[in-house]
Amino acid sequence: MADAPHTGSAESPGGTDATADLVPRLLCDARELVAVDPAPAGALWRLAESGRQLDANLVRLPPEGRIDTHVEPDLDVILYVVSGDGVVDTTQDRQSLTEGSVVWLPHGSRRSLTAGRTGLAYLTVHRRRPGLQIKSRAGS
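Heads up: the sequence shown begins at -9 in this note's numbering, then just goes up one per residue.
In structure tokens:
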């Protein structure tokens, strides 16, 4: 697929268009990625565009695969089920996941994921974490 032509006029000091990467474009077909047989487990795709404010991952769990109980202390996460089924366990209940389910995982919440008999493929989207920064100690 060819990129759409850019018509903006902002230029960086080097003479190249500073907004060229900010053109909306199709990134992948998630259904096509998860339809590969046998479907691989793990991250099938990651958002890697420069200048982004979000992170996104397309993840595949094998049949009966599990993400152990964990807490994300800083970021809210949206999880969208692309294919398969499974459950998300929280401190209060167990929620079924099916194709098309959209789940909000608020920061600070304790949760785990378990794939069903055919596996589970899901997209996660959250705010991008700031890069690591080296800071000097006070008084050094």
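The beta-carbon is built from N, C-alpha and C at its ideal position, and this holds for glycine as well. Note that the structure is a prediction, hence the values are computed from the model and not measured.
Worksheet item: If we ignore side chains and look at the alpha-carbon of each, how far apart do H60 and T81 end up?
Response: 11 Å
Worksheet entry | Residues bridged to G74 [DSSP beta-bridge criterion] | L110
Worksheet item: Do three or more CB pairs link the segment 20 to 39 to the segment 48 to 59 at distances below 8 Å?
Response: Yes, the segment 20 to 39 touches the segment 48 to 59.
Discussion item. So if DSSP puts T104 in a beta bridge, which residue, or which two residues, is it bridged to?
Written reply: The partner list for T104 (beta bridge, DSSP) reads R56 and V77.
Worksheet entry | Separation of V71 from A154, as counted between CA atoms | There is no way to answer for residue 154, as the model of the chain reaches only from -9 to 130.
Worksheet entry | Nearest-angstrom beta carbon gap, D58 and H97 [assumed within contact, 8 Å] | No, H97 and D58 are not in contact; Cβ-Cβ is about 18 Å, not under 8 Å.
Discussion item. So, with DSSP's three-state summary, where would you put A31?
Written reply: Reduced to three states, the DSSP call for A31 is coil.
Worksheet item: CA-CA distance, V26 and D19?
Response: 12 Å
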